Amino acid sequence: MITQSLEDKFRDIISNWINNLEKNIIWIISMIKDAALTIGRASYSSMIIIGIIMWCMNIQKYYARRLIYGGIILALITELLA
10 MITQSLEDKF RDIISNWINN LEKNIIWIIS MIKDAALTIG RASYSSMIII
60 GIIMWCMNIQ KYYARRLIYG GIILALITEL LA
């Protein structure tokens, strides 16, 4: 029977704790990234749609164009970072 010293047990416990903490941090970051992508996609989609509707109806064409350009830029940034 092999007995572990107190130091080996302590190292195992700390190592397991650090590994679990690392897994939890990776999971949290993954969830935050997924939420940010969902919010970004909803934002740029609505910006482009609202901009196109405003532009077609001749309502605030300047702001409609800015919404469309902003939505396209946000889409490019969001999808490049995904």
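Okay, so the sequence shown: first residue is 10 according to the working numbering, each after it adds one. No residue lacks a Cβ here, since even glycine has one placed at the ideal position from N, Cα and C. Fair warning: this is a prediction, and the values are worked out from it, not measured in the lab.
Start-to-end residues for the alpha helix (DSSP H) that takes in residue i
| i | result |
| --- | --- |
| Arg54 | The sequence as given places Ser at residue 54; Arg does not occur at that position. Start and end: 15-65. |
| Ala84 | 70-90 |
C-alpha distance - residue i paired with residue j, whole-angstrom precision
| i | j | result |
| --- | --- | --- |
| Ser54 | Lys42 | 18 Å |
| Tyr78 | Ile62 | 14 Å |
| Ile81 | Asn33 | 34 Å |
| Lys70 | Trp64 | 5 Å |
| Met66 | Ala73 | 10 Å |
| Asp21 | Ile35 | 21 Å |
| Arg50 | Ile37 | 20 Å |
| Leu89 | Leu46 | 11 Å |
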